[in-house]
Each structure stands twice: as C-alpha cells, then as structure tokens.
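Single-structure report; data block below.
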Ligand SMILES: Cc1cc2nc3c(=O)[nH]c(=O)nc-3n(C[C@H](O)[C@H](O)[C@H](O)COP(=O)(O)OP(=O)(O)OC[C@H]3O[C@@H](n4cnc5c(N)ncnc54)[C@H](O)[C@@H]3O)c2cc1C
Ligand SMILES: Cc1cc2nc3c(=O)[nH]c(=O)nc-3n(C[C@H](O)[C@H](O)[C@H](O)COP(=O)(O)O)c2cc1C
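Chains as they are written, first to last, in the numbering used here: chain E, 1 to 320; chain G, 1 to 267.
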C-alpha cells in the first residue's frame, strides 16, 4: 500500500518538468494540492487509493477539545452539482487525534495541517496550545464558521470583532503558522481577511461551505435533520473563485483556495485568481484519486504552456 | 491487500427483469474475488457532475470469477439514468465496501427477511449458504404485489434453497399482513426458533420490528441498513445512524450490516 516505488523519470522530467513546489507562511509544500478539511478524514480513509506522499498536504477533519458526536441523520442531501451537509463536526477530540490519528499521518512525507474549532474563544485557544508542540504538524487551520455559544450561537466568523478576539487568542497560544478559514456567508469577505491579518494570522483558507437548505415538498420537512447545512461542490466554485480574487487583491496573505475543485482546470482558476495553493474537497467523494488527477493536470498544463514555476501563474488574472 | 477497489467497471450485460428492476453485470475481478455478502459498491451514474454523488448498490451475486451482479430498482433520477447505460460502456466503481453479514455459526438456522427492495444482499448471502440440502426460510414483505421482487429473483432464491413466504400490506399477493407477522408466526411454530438467527434488509421501520422480534425471543439478528451516503469510505460521516450506546455509526464502514443490538431503534 505504501511501498515507495522507485521514481520513474520520464523524458518530460528529464527536460525539466515545471516546479510545482510552493512556499508560504514558512511551510514548504512539494506541490500546491491539499485536501479540504472534512472531506478526506484523517488521511487513513483514503490511503488505499492515494499515495499520501504525493500530496502537498493533508488538512484533516475538524478537531475539537472534546469528542463530539455530531448531528442526527439525515446529514447530507445531494443538490445540483453539489451537496448539503450538516455533519455537526463529529470528531473524536484532540486526545484521540494525537494518540491514534496523527501518528499514521506522520509516516508520510506530506504536510499535515490541523483544522480546529470550538464553541468558545477559550476552547479554540486551549486547542491551539495543545497542538503547539505536537510533532508532525505544519500548521493550524482555524474554522471560524462555528456558533459562539457565549454570544447566543452567533457564528464567530460573521462578526469582525469576535473573529478578531478569537484569532488573537489562538495566535497568542501557538507558534505554528495559522490559517483563518473564512466563511463565505458574509457580505464582504475582505473585511474578515483584514481582521485575520491584523490578528497575526499567517494565511487564509477560503472558502468554507455556503449555508443552504432543501425541503421535501411532499412532507414540507427540511431534507436535513438540522434544517440547514453547508453547500459544497462545483455549485459553489464561482463564488469561491470570486472571493479568492477579491481577497488576494487587497490582503497580502497567502491563500489556500477551495470550493468545488474537481479538475486541474478548476484548481488553476484559483491559482490565477491569487491562491498560493488549493484544497480538493467534495470531489474526493466522487473520485478518491481526485487530488492526484488535479495534480497531474496542473503539471501538464504548466508544461504545455512552458510555465516553469507554478508561482509564475499566481494572481495573473487578466482584467484589462 | 493489493485489492483494486477503485476502477472503471465495464458493463457486461444490463437488462430489465420486471417489477421496475434491472440486472447489471459488471467486470470487477477484484470485487468478484473478495466480496462478502452484505457488501456494496458505489457507482457513478454519470460522468458529469449532475447527478453528483455515486449511488450505493448492494452486491446481488458473483456470476463469474471476474464479474459482479447488481439488481437495482429505479428509484429516482440516478437509477433511471443508470438504466440507459449500454453493455460495453464503463461505470466508475468503488468497492466492495463495508462490513458484510457474518458467517452462519454451526448449528444455527439462518432466517432471511427482505422488505421492499432489500433483497439483493440477502440473495448473495443465500447463494453462499451451504446447508446440505436443508431449506432456508425467506420472508418477503411489500406494500403490494408490484413491490415484490421480480420473478427471476424469486426463482434464483429458490435455486439456492430458500423456502419463500410472502406478505403484502394490501393482500394482493401472499398473506395480507406485515412481513414481521408471518416471521413471528413462523418463530412461534418452528422447532428451530431457539437456534434461529435473523438476517434482514429493508425499510428502517421493518428492521425496527424485526429487531424487536429477535430481542423478545433472545435470538441474534443482523440487519443491513440504508442511509444517504457520499464517500462510501468513512470520511464524510454523512451516512451515520444512531448507535445503541450513544453517538453514531457510519453505515459505509461500520455497516451496512450491524447486529441489531448495536443500533438505537427508538427514533
Ligand atoms: C448500502 C446500500 C445498499 C443498497 N443496495 C441497493 C440494491 O442492491 N438495490 C437497490 O435497488 N437499491 C439499493 N440501495 C438503495 C439505492 O442506493 C437508492 O435507491 C439509490 O441511491 C437511489 O438513487 P436515485 O438517484 O435513483 O434516487 P434519488 O432519490 O434521486 O437520489 C437522490 C440521492 O439520495 C440517495 N438515496 C436515495 N434513496 C436512497 C436509499 N434508499 N438509500 C441510500 N441513499 C439513497 C441517492 O444515492 C442520491 O444521493 C442501497 C443503499 C445502500 C445505502
Ligand atoms: C462532509 C463535509 C465535511 C466538512 N467538514 C469540515 C470541517 O470539519 N472543518 C472545516 O473547516 N470545513 C469542513 N468542510 C468544508 C470543506 O473543507 C470545504 O471548505 C468546502 O466543502 C468547500 O470545498 P469543496 O466544494 O471542494 O468541498 C466540510 C465539507 C464537507 C462536504
């Protein structure tokens, strides 16, 4: 399963294949393709299909301080070129993650970014501290699309002041690079990107899912037990590309772009819009090898265009 | 290991077999070699992005060393698109997936219960039973005659030694009652009630009653569950059902077959 095959050097690489490595926020990735949180488990689930050594990085399923059992079923609903999910952030908690999940990922030559969330500022901060000195973590991705129980359940990431408080607290408790995972459910995403920069974040991840809802017209009941859920998949890609573009123009932080990436062309849209790296999410469900297909497609595109480094393509959207 | 569980599976044959069901034979050598009754595959019904998710379908039988057979009911847009796929074309397939039925222990009498379109995994299971000429009771329930398995399926079950009893809610075929009543009746009268082990697949409401029947009689019961599913490999946590001990279990990897007592049937 994980045997290291000898590197096959084909003619193309002998002639000098494009440089796919990217470096940002002090993290050096061998290529720009990561997995989006919650769509690739803890790597184990997909290791049979994907040689994890080939990935730029794995962003793991969201982790909280204590285990969470998640929402009642039904938790998902298929939509046109996408899906709604209301998993409820089911996860085994940070202790089990460190004991049982992280050691598996450490075996691979890939960067591990841990997605964290909580229901109070203190939970987030304590979690960041807990992960700070764990071996084998390249960075933290802070999911700010969570309800703040101390503020009547209002979502952290939709209020600039709470976002600032939250990210500042996380910043003060870890030396790891932190990426704020921004919510698209706001009018002006760039305002939150600036807040993240001011709070000392090293990078941004965008976008998280768009809040949605579907109803069974025969019964009048919502399709999800939770009523609303997060929309993901190709259906949201134009929104994601737009937000990456807007943000990259005005906030000088590296961006991990995501939202509906299925093919290399999809991924390249994000890079051209200004993202430094991309994460493949829901597409893993359709094709467990989606990340590798995206990766080889990017490489082919660059080679064909004679682009030497992926970075040369970053933010090159031509609006003239 | 060394099993290839993700590949394009060529359609070897594909035909309508009655009562809304199609029979689909796919070239899938690794699945044919390794699949256990109760396991399933995920099939993409379109190479495009709408319908979006792959469809979970149980394995009905292993017709040859290199192929698997699926029997599916046209239930919505995905399965109706699937009917148009021609032999020679290929479908993106993932599988075999999940945990199947445990083998029948020596001395135990397997009793099969199928509701609605829940028969495919039980058919594969029946095909693997080696009971030395002993017949295996199979209870089939449906709303009406049209909801019963198609004739070729019933004939195949009989070939594998199934002794079929049927119940329909409207009485248009078999006994007019719920399938769980004829099951309960059988268990009351049979000399084998104590050694019986139930293997059931069908709508959740039926499975809830079957599991209650088993609990009341202190016999073992295995159920195969269905829930909406996205990844099929335990990553998305979308297909969870309530566990009997609190929390949830994923149908795709911890199931689809569960011992009835593992689950919470209250809601
Ligand atoms: C483990 C497992 C094994 C199954 N085996 C078989 C089988 O052998 N034969 C068979 O005919 N059917 C089987 N089903 C049910 C089958 O998956 C659905 O009938 C099918 O997905 C319907 O797709 P559709 O696009 O036609 O319907 P739509 O209603 O349009 O589907 C919309 C979405 O809901 C999902 N969905 C709809 N009904 C079900 C259901 N009952 N269970 C899970 N997801 C559902 C679809 O997969 C899709 O994502 C199985 C389900 C599971 C979970
Ligand atoms: C089933 C599912 C679970 C997810 N879980 C998380 C999570 O735990 N934390 C998080 O920050 N984002 C989570 N996401 C959001 C994704 O990481 C990603 O931001 C979003 O789905 C958009 O990308 P995509 O369209 O490529 O999936 C989840 C998405 C899905 C579909």
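Glycine included, every Cβ here is placed at the ideal spot set by N, Cα and C.
- The three-state secondary structure of residue 36/G, taken from DSSP, is coil.
- Taking 7 Å as the CB threshold, residue 147/E stays off the interface with chain G.
- Around the beta carbon of residue 154/E, fewer than 16 other beta carbons sit within 10 angstroms, so the residue counts as exposed.
- With fewer than 16 other beta carbons inside 10 angstroms of its own, residue 151/G counts as exposed.
- If you draw a straight line from the Cα of residue 115/E to the Cα of residue 91/E, it is about 11 Å long.
- One Cα belongs to residue 197/G, the other to residue 245/G, and the distance between them is close to 22 Å.
- In the DSSP assignment, residue 136/G forms a beta bridge with 162/G.
- In this structure, the alpha-carbon of residue 13/G lies about 16 Å from that of residue 79/G.
- Cβ-Cβ distances below 6 Å link residue 219/G to 196 in the same chain, with the five nearest sequence neighbours on each side left out; the list follows chain order.
- Within chain G, no C-beta atom comes less than 7 Å from the C-beta of residue 210/E; the nearest is roughly 15 Å away.
- Judged by the Cβ position, residue 290/E fails to qualify as a neighbour of ligand 2 at the 6 Å threshold, every heavy atom of the ligand being at least this far.
- For residue 236/G, the Cβ falls inside the 6 Å cut-off from some heavy atom of ligand 2.
- Between ligand 1 and residue 40/G, a heavy atom-to-CB distance of less than 6 Å is present.
- Counting only residues of its own chain and dropping the five nearest sequence neighbours on each side, residue 167/E has a CB closer than 8 Å to the CB of 142, 144, 178, 180, 195, 196, 199, 200 and 201.
- Residues 52, 58 and 105 of the same chain have their beta carbon placed closer than 6 Å to that of residue 43/E, with the five preceding and five following residues left out of the count.
- Residue 79/E sits away from residue 280/E, with the two beta carbons spaced by 7 Å or more.
- Listed along chain E, the residues sitting closer than 9 Å to residue 247/G by beta-carbon distance are 67, 69, 70 and 90.
- For residue 206/G, the three-state secondary structure derived from DSSP is helix.
- Spanning the alpha carbons of residue 133/G and residue 93/E requires a straight line of approximately 52 Å.
- Only residues of its own chain outside the window of five on either side were considered, and among them 53 have a CB closer than 7 Å to the CB of residue 109/E, listed in chain order.
- Distance from the C-beta of residue 225/E to the nearest heavy atom of ligand 2 is not below 6 Å.
- Residue pairing for residue 228/E: DSSP places it in a beta bridge opposite 213/E.
- Closest in C-alpha terms to residue 52/G, from the list 186/E, 83/E and 46/E, comes 83/E.
- In this chain, the alpha helix (DSSP H) harbouring residue 297/E covers 290-305.
- Those residues of the region 1-14 of chain G placed with their C-beta closer than 9 Å to a C-beta in chain E are 1, 2, 3, 5 and 6, ordered along the chain.
- Going by C-alpha positions, residue 61/E is about 17 Å away from residue 249/G.
- Excluding five sequence positions before and after residue 46/G, the CB atoms of its chain that fall closer than 7 Å to its own CB belong to 81, given in chain order.
- Going by beta carbons, residue 9/G and residue 26/G fall inside the 7 Å limit.
- If you measure from each CB to the nearest heavy atom of ligand 1, the residues under 5 Å come out as 78/E, 40/G, 53/G, 55/G, 56/G, 57/G, 58/G, 72/G, 73/G, 75/G, 76/G, 77/G, 78/G, 79/G, 117/G, 120/G, 226/G, 228/G and 256/G.
- Judged by beta-carbon spacing, residue 31/E lies within the 7 Å limit of residue 295/E, meaning their Cβ atoms are closer than that value.
- Comparing alpha carbon positions, the residue from 214/G, 230/G, 3/G and 191/G closest to residue 223/G is 214/G.
- The secondary-structure analysis by DSSP pairs residue 258/E across a beta bridge with 279/E.
- Restricting attention to 151/E, 95/E, 65/E and 219/E, the CA atom closest to the CA of residue 125/E is found in 65/E.
- Judged by their CB atoms, residue 193/E and residue 251/E are nearer to each other than the 7 Å cut-off.
- According to the DSSP assignment, residue 259/G belongs to the beta strand (DSSP E) that extends over 257-259.
- In the DSSP assignment, residue 252/G falls outside any beta strand (DSSP E) and within the unbroken alpha helix (DSSP H) covering 251-254.
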